[in-house]
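Residue numbers (our numbering): -12 to 515. For every residue, glycine included, the Cβ atom is placed at its ideal position computed from N, Cα and C. Small disclaimer: the values here were computed from a predicted structure and weren't measured.
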RNA sequence: GCGCUCGUAGCUCAAUGGUAGAGCGAGGGCCUUUUAAGCCCGAGGUUGUGGGUUCGAGCCCCACCGAGCGCACCA
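Here is the structure:
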C-alpha cells in the first residue's frame, strides 16, 4: 500500500499529503457513481430539533413508536467498529450521533462509508433511537454523501489553539471550537436587542456615508482612499456624527446607525482599525436624557443576552444592572490623588490653571508619574483642558471597573459638545467607562452655528500646531446648523467592547470575526 | 512604533549544545451499541526564513517574517 501512496501530490501546492488521500476518496466515490458534491439534500429536522423532539423519550418508547427523520451535518467524530459505525454529526447548532449498521444500510453503502472522513458532510435517513448508554441517535437506513473536505480538521480533543490560525482561518476556529460560535451568536443577539430597544423608542435606523470628503465627528487619524473618476481623495469615516446631526436638522428627530468606523491607529486587545459603533441622536434630549437612555440600552441588552447577574470578565466580575455610577471628571481625578497629600488639589482647585500648572511642574507630580509609570514630560506641553483629560486618563480611568458615567469634560477636548447651561467652563458631556474601557461617549450637541464655527477654527489652529487628530473645518456642517438644529442629545456606543463584556472575551479580536492582521508572509497583494 | 515571550509532523505538545519524539489524525489489519471507542503494524520533519558561532545548533548570536502579551496612541 505504501507503494501506492508514493508520489501522492496534494491537489493544491502547500496542502498536506492527507489532502491527496482525501481527494482519492472523492474520486473513489465518483467511480462508484456517487457524487461527492451533490446539489441538494432535504432535511426533515435540524440536529437540535431531533434532540428537542425525542431527547426525553426512553429507548422503549422510541422503539414502540418509531420516528423516521432525515438529518445532515459535518462528521466530527467517527467510531468504526467492523460491521457497524458511530458518527457524531454537527450542524453548528447541535450534534447528533448516527448509528450505521452494515445490515441496515446494505453492503454497498457500508463500503462507501470507508470513503468518509472526519470533516465531510453526510446526510442520513433512519429511525430515532437510543443506544445502550442512553445516547439519542439516528439508526441510518440510507446514507447520502453531501460534501468532501479535502483538508483535515484540527485535532478532535484539543481543537485549534494557535491564535494566529484561529483569527486568520476563522472558519476552522468556528467549526472546531463551539464557544467561538456562541460568542458571535451572543453578539448578534445583543445587536438585535439594541435595535429592538431603539425601534421601541421610535428611532429611525439610517445609513450615512462611509467615505467622507472631510473626516469628522471624532478626534482621530483617518484612512485615505481615492476616487478615480472624481480624482479626489476620500477618507474612510472615523464617525458618522456630523451626518446624523444633519438628519436631525432635516427633521429626522430620532435617528441611529449601527455601522463600522475606521481609525488609522494601533491594534490592541481593545482596538481594531475598523470597529462597530452605535450612534444615536434625539431632538429634545440633553446630556442627562442621553445618559439615561444609554444606561437603559446597555443594561437592557445585557439582561437580555447574558442575564441579569454579574458577568465574569478578565478575571473579575462586573454588573451591568442599572443604575450606573456617575462621577464628575474633576472628582474622579481628585479621588485618584486623595492618598497623595502632596497633590493638594480639590475638585474645584483643578480648575485653577495656575495652581495646576505649578503642580504639574512639581517634584511631587514627577514622583506620582514615576509610580504610575506615566510620562510626566508630556504634560508640560499640554494646555489646561488637555491636562485635565490626561490626568483622568492616566490616573483615574483604569480604576473604573463598574459601569461609571464620567461627566463634565473640558470644553477644549469636546469641540462638538454644548457647554453646561449652569457651568460654561465644562462641556455638557459624558463618557461611560466599564472594565477599564471607554464604552460610550455622548453629550448635548452644540447647535449654535457660530460657536461651532469658532470651535472648528480653534481646532484648525491646533492642527496647524501639529495636532494630527484635531478636527477639520466642515463648512457644510456649519451651513446645516445655520438652518437650525433643535436642542439635541447624542451618543456613540462601542458595540465590540460591549460584546466583549457580554461574552467574557478578553480581546476585541474574539468578538470580530475577521480581525485585522498583517498579511500572511509570501502572499503578494493582488494587482488592482 | 518600542519592550518581553513564542514559532518543532495535518493538529496538540516534548526534546542539558551530542542519533528530532509522543498523543491525536492519516495509511494497512481485526472488531455489529461505541462515546476522545479499543487492539496490532508500518509511515510521516529543510525544527518560520536567511546568515553566524561551534568538531557538532531545534537549543547560543544577528537579521528578517509572523503571532501573543505589555507600553504608547485611541473608542
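### Message
Quick check: is any heavy atom of the ligand FMN less than 7 Å from the C-beta of residue 150?
### Response
Ligands displayed in this structure: none; no statement on the ligand FMN is therefore possible.
### Query
Per DSSP, what kind of secondary structure is residue 340 in: helix, strand or coil?
Shown here, residue 340 sits in a helix according to DSSP, grouped into three states.
### Task
Compute the distance between the beta-carbons of residue 152 and residue 37, then report whether it is under 8 Å.
No, these two residues do not count as a Cβ contact at 8 Å.
### Task
Starting from residue 322, trace the alpha helix (DSSP H) both ways and give me its first and last residue.
Here the alpha helix (DSSP H) through residue 322 covers 316 to 323.
### Task
Check each candidate in 185, 43, 58 and name the one with the smallest Cα separation from residue 33.
Taking only the C-alpha atoms, the option nearest residue 33 is 58.
### Query
Who are the Cβ neighbours of residue 61 in its own chain at under 6 Å, not counting the five residues just before and after it?
Answer for residue 61: 77, 108, listed in chain order.
### Task
In the DSSP assignment, find the unbroken alpha helix (DSSP H) run with residue 467 in it and report its ends.
Counting along the chain, residue 467 sits inside the alpha helix (DSSP H) bounded by residues 462 to 469.
### Task
Please confirm if the stretch 336 to 343 is in contact with the stretch 418 to 430, defined as three or more CB-CB distances below 8 Å between the two stretches.
Touching, no.
### Task
Confirm, please, whether the CB-CB distance from residue 231 to residue 195 is below 8 Å.
Between residue 195 and residue 231, the CB-CB gap stays under 8 Å.
### Query
Is the number of C-beta pairs between the stretch 130 to 150 and the stretch 45 to 52 that are closer than 8 Å three or more?
Segments in contact, no.
### Query
Of the choices 442, 187, 212, whose alpha-carbon is the least far from that of residue 197?
Nearest C-alpha to residue 197: 212.
### Contiguous alpha helix (DSSP H) assignments of at least 4 residues, all confined to the stretch 351 to 419
The qualifying runs are 364 to 367, 371 to 378.
### Query
In chain order, what residues of the same chain have a beta carbon less than 8 Å from the beta carbon of residue 470, not counting five sequence neighbours either side?
Excluding sequence neighbours, residue 470 sits near 236.
#### Entry: DSSP three-state assignment for residue -7, whether helix, strand or coil
In this prediction, residue -7 scores a pLDDT of 47, lower than 50, which makes its location untrustworthy; no coordinate-derived value is stated.
### Task
For residue 210, I'd like the list of residues in its chain whose CB is within less than 6 Å of its CB, leaving aside the five on either flank, ordered along the chain.
Setting aside the 5 residues that flank it on each side, residue 210 is surrounded in the same chain by 223, 249, 251, each with a C-beta closer than 6 Å to its C-beta; the list follows chain order.
### Query
When the Cα of residue 89 is compared with those of 72, 81, 103, 104, which residue comes out closest?
Closest option to residue 89, judged by alpha-carbon separation, among 72, 81, 103, 104: 72.
#### Entry: Residue range of the beta strand (DSSP E) that includes residue 516
The structure shown does not extend to residue 516, since the chain is modelled only from -12 to 515, so the question has no answer here.
### Message
Quick check on residue 120: buried or exposed, where buried means 16 or more other Cβ atoms within 10 Å of its Cβ?
### Response
Residue 120 is exposed by the Cβ-count criterion.
### Message
Taking the alpha carbon of residue 392 as the reference point, which residue from 416, 402, 42 has its own alpha carbon closest?
### Response
With distances taken between Cα atoms, residue 392 lies closest to 416.
### Task
Measure from the alpha carbon of residue 299 to the alpha carbon of each residue in 25, 75, 492, then state which is nearest.
Nearest option by C-alpha distance: 492.
### Query
How about residue 484 and residue 495: are their beta carbons less than 8 Å apart?
Yes.
### Query
Quick one: what's got a C-beta closer than 8 Å to residue 239's C-beta in the same chain, skipping five residues either side?
Within the same chain, residue 239 has close Cβ partners 191, 193.
### Query
Which residues in the same chain as residue 459 place their Cβ atom closer than 8 Å to its Cβ, once the five residues preceding and following it in sequence are excluded?
If we look at residue 459 and ignore the five residues flanking it on each side, its Cβ neighbours are 201, 202, 203, 443, 446, 447, 450.
### Query
How is the alpha helix (DSSP H) around residue 438 delimited, first residue to last?
It spans 436 to 451 - the alpha helix (DSSP H) in which residue 438 sits, taken as one unbroken run.
### Task
Just mark residue 158 as buried or exposed, buried being the case when its beta carbon has 16 or more other beta carbons within 10 Å.
Exposed: under 16 other Cβ atoms inside 10 Å.
### Task
Within the same chain, show all residues whose beta-carbon is closer than 7 Å to that of residue 326, passing over the 5 residues directly before and after it, in chain order.
Excluding positions up to five away in sequence, the list is empty.
#### Entry: Option in 372, 378, 335 with minimal Cα separation from residue 353
Per the Cα distances, 378.
### Message
Considering only their Cβ atoms, is the gap separating residue 400 from residue 436 smaller than 8 Å?
### Response
Taking 8 Å as the Cβ cut-off, residue 436 and residue 400 do not qualify as a contacting pair.
### Message
Given a cut-off of 8 Å on the beta-carbon distance, is the pair residue 310 and residue 266 in contact?
### Response
Against a cut-off of 8 Å, the Cβ pair of residue 266 and residue 310 comes out as no contact.
### Query
How close, in whole Å, do the beta carbons of residue 277 and residue 476 come, if the pair is a contact with beta carbons under 8 Å?
At roughly 4 Å, the Cβ-Cβ gap stays under 8 Å, so residue 277 and residue 476 are in contact.
### Query
In the structure shown, what three-state DSSP assignment does residue 137 receive?
Here residue 137 sits in coil by DSSP.
### Message
Less than 6 Å between C-beta atoms, sequence neighbours within five positions excluded: which residues of the same chain meet that for residue 185?
### Response
Contacts found: 243.
### Task
Determine the extent of the alpha helix (DSSP H) in which residue 76 is found, giving its start and end residues.
Premise fails: residue 76 lies in the beta strand (DSSP E), 71 to 77, not in any alpha helix (DSSP H).
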